[in-house]
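Undergrad:
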Amino acid sequence: MGLEGKQVLKAAITAVGGYTPDTILSNQTLEKMVDTSDEWIQSRTGIKERRILSDDDKPTSYLAIKAAQDLIAKKKLDPTTIDLVLVATVTPDLHVAATAAYVASSIGATQAFAYDLNAACSGFLYGMSTAAAYICSGRYKKVLLIGADKMSSIVDYTDRTTCIIFGDGGGAVLFEPSPNEYGWEDEYFRSDGTDRMSLRIKAGGSLFPTSQKTLDEGWHNIHQDGRTVFKYAVSEMSHVAEQIMLRNNLNEQTLDYLVPHQANKRIVDATAQRLNLKEEKVLMNIAYYGNTTAATLPLLLNDYETQLKQGDKLVFTAFGGGFTWGAAHLTWAY
Ligand code: UT7
Numbered sequence: 001m002g003l004e005g006k007q008v009l010k011a012a013i014t015a016v017g018g019y020t021p022d023t024i025l026s027n028q029t030l031e032k033m034v035d036t037s038d039e040w041i042q043s044r045t046g047i048k049e050r051r052i053l054s055d056d057d058k059p060t061s062y063l064a065i066k067a068a069q070d071l072i073a074k075k076k077l078d079p080t081t082i083d084l085v086l087v088a089t090v091t092p093d094l095h096v097a098a099t100a101a102y103v104a105s106s107i108g109a110t111q112a113f114a115y116d117l118n119a120a121c122s123g124f125l126y127g128m129s130t131a132a133a134y135i136c137s138g139r140y141k142k143v144l145l146i147g148a149d150k151m152s153s154i155v156d157y158t159d160r161t162t163c164i165i166f167g168d169g170g171g172a173v174l175f176e177p178s179p180n181e182y183g184w185e186d187e188y189f190r191s192d193g194t195d196r197m198s199l200r201i202k203a204g205g206s207l208f209p210t211s212q213k214t215l216d217e218g219w220h221n222i223h224q225d226g227r228t229v230f231k232y233a234v235s236e237m238s239h240v241a242e243q244i245m246l247r248n249n250l251n252e253q254t255l256d257y258l259v260p261h262q263a264n265k266r267i268v269d270a271t272a273q274r275l276n277l278k279e280e281k282v283l284m285n286i287a288y289y290g291n292t293t294a295a296t297l298p299l300l301l302n303d304y305e306t307q308l309k310q311g312d313k314l315v316f317t318a319f320g321g322g323f324t325w326g327a328a329h330l331t332w333a334y
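Be aware that the sequence shown starts at 1, since it is given in my numbering, and climbs by one per residue.
Rendered as structure tokens:
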């Protein structure tokens, strides 16, 4: 049986929220911790400072709950009406027990079910597709999608190649059936696992379970082969973003904003250049937060919310560990 006669729902983002911790880790402070310089960090990454959740007893769920509560307050949303809570993260509070379930209980989403998604820096982008698909199917009416990471819990602050990049933060969006013709339009997602060792935490999973050796070797921190990731990210992010623009008849004039994962300003600049986009069409906040992994995209939406107008054409793009990457087109609904 076909879909004739059936109304296909469109999924829209109808609210956003965000949270970053108060503690600032500046380049100047990092200069005192590792052999680096403010000049090197700014010119190679575009980062000036990042936010750190410095309290040891506060995990990723703290960031996620704060972001969700910000959204709930702004939207005046009754949390008992939320059907599903999704948390995209690479730093769950615990293994096995979904962080999303704890977040849902903590924000009063008592009628919701909840689970985590992990696709590294592409987790929030893929999560938007999942949330949109649930709404389009008509199965659920309110899906709260959160991207949150306490990257400081997995960073080795003696490793200058990673500690300068990452920061902590959380962002949230609400997906609902679109109140107008705007919302989720198209997506083009890819993955390639052959290079997975280029960006990963080696131990603590089933391949290298925690042991004295894994602890002694320092295999529990995030590690990346920066150059490999950089090259791959530049070529693939610009490729998928270009494809999604072509498929949706978008060009440098008709696109309103590129919403790119904030991994490195040079990666974003190269993508924007390939798409021929002027600087004012590219949303950026990496200078103040660094790379917050699953939180970069919703934090951009939160920071630029007042600038976005109904009908604005956005293209999201991300690249992350796995490797996972993709681009998506969404029209802003409010
Ligand atoms: O979110 C998705 C995942 N992550 C990414 O997308 C990150 C992708 N990679 C990058 O952003 C960049 O590769 C980095 C920022 C990590 C590194 O920048 P780079 O321009 O690719 O530097 P490099 O790795 O090619 O290193 C150049 C030099 C090296 O020294 P030698 O071998 O030329 O003497 C490094 O040892 O810079 C050195 N270096 C540093 N110097 C000062 C590496 N890190 C630092 C540092 N401060 N923090």
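Where is the CB? At the ideal position from N, CA and C, for every residue including glycine.
What is the DSSP secondary structure of Glu305, reduced to helix, strand or coil?
TA: The residue you call residue 305 lines up with position 305 of the sequence shown. Reduced to three states, the DSSP call for Glu305 is helix.
Undergrad: Taking Gly226 as the reference, which of Ile13, Thr45, Asn248 has the closest Cα?
TA: On the sequence shown, position 226 is the one that residue 226 refers to. It is Thr45 whose Cα lies nearest to the Cα of Gly226.
Undergrad: Using 8 Å as the cut-off, can you tell me whether the segment 8-27 makes contact with the segment 172-180, which would need three or more C-beta pairs spanning the two stretches below that distance?
TA: yes
Undergrad: Pull up the distance between the alpha-carbon of Pro79 and that of Met33, whole angstroms please.
TA: Indexing the sequence shown from 1 puts residue 79 at position 79. Indexing the sequence shown from 1 puts residue 33 at position 33. Approximately 43 Å, taken between the alpha carbons.
Undergrad: Alpha carbon to alpha carbon, how far is Thr81 from Val103?
TA: Mapped onto the sequence shown, residue 81 falls at position 81. Mapped onto the sequence shown, residue 103 falls at position 103. If you take the alpha carbons of Thr81 and Val103, they lie about 15 Å apart.
Undergrad: What three-state label does DSSP hand Ile24 in the structure shown?
TA: Translated into positions along the sequence shown, residue 24 becomes position 24. In this structure, Ile24 counts as strand in the three-state DSSP scheme.
Undergrad: Taking Cβ positions only, does His329 come closer than 8 Å to chain C?
TA: The displayed structure is made up of one protein chain only, and chain C is not part of it.
Undergrad: Decide if Pro260 is buried, meaning its Cβ has at least 16 other Cβ atoms within 10 Å, or exposed.
TA: As a first step, residue 260 must be located in the sequence shown, where it is residue number 260. Pro260 comes out buried.
Undergrad: Give the straight-line distance between the Cα atoms of Ala109 and Asp38, rounded to the nearest whole angstrom.
TA: The residue given as residue 109 occupies position 109 in the sequence shown. The residue given as residue 38 occupies position 38 in the sequence shown. As the crow flies, the alpha-carbon of Ala109 is around 43 Å from that of Asp38.
Undergrad: Candidates Thr23, Ile222, His223, Asn248: which alpha carbon is nearest His329's?
TA: As a first step, residue 329 is located in the sequence shown; it is residue number 329 there, counting from the start. It is Asn248 whose Cα lies nearest to the Cα of His329.
Undergrad: Helix, strand or coil for Gly171 per DSSP?
TA: Numbered from its first residue, the sequence shown carries residue 171 at position 171. Note: Gly171 maps to strand in three-state DSSP.
Undergrad: Leaving out five residues on either side along the sequence, give the residues of the same chain with a beta carbon under 6 Å from the beta carbon of Lys54.
TA: Walking along the sequence shown from the start, residue 54 turns up at place 54. First, the amino acid is wrong: residue 54 is Ser here, not Lys. Counting only Cβ-Cβ distances below 6 Å, and skipping sequence neighbours, we find Thr23.
Undergrad: With a threshold of 7 Å (Cβ to nearest heavy atom), would Trp40 be considered close to the ligand UT7?
TA: As a first step, residue 40 is located in the sequence shown; it is residue number 40 there, counting from the start. Result yes, Cβ under 7 Å from the ligand UT7.
Undergrad: If Lys150 and Thr296 are in contact, beta carbons under 8 Å, what's the gap, nearest whole angstrom?
TA: Position 150 of the sequence shown, counted from the start, is the residue given in the question as residue 150. Position 296 of the sequence shown, counted from the start, is the residue given in the question as residue 296. Contact doesn't hold; Cβ gap of about 14 Å is too wide.
Undergrad: Just how far apart, CA to CA, sit Met245 and Ala97?
TA: Taking the first residue of the sequence shown as position 1, residue 245 is located at position 245. Taking the first residue of the sequence shown as position 1, residue 97 is located at position 97. Taking the straight line joining both Cα atoms gives about 39 Å.
Undergrad: Would you identify the three-state DSSP class for Ser191, choosing helix, strand or coil?
TA: For this step, residue 191 is matched to residue 191 along the sequence shown. It is a strand residue.
Undergrad: From which residue to which residue does the beta strand (DSSP E) around His329 run?
TA: Indexing the sequence shown from 1 puts residue 329 at position 329. Note, His329: beta strand (DSSP E), 324-331.
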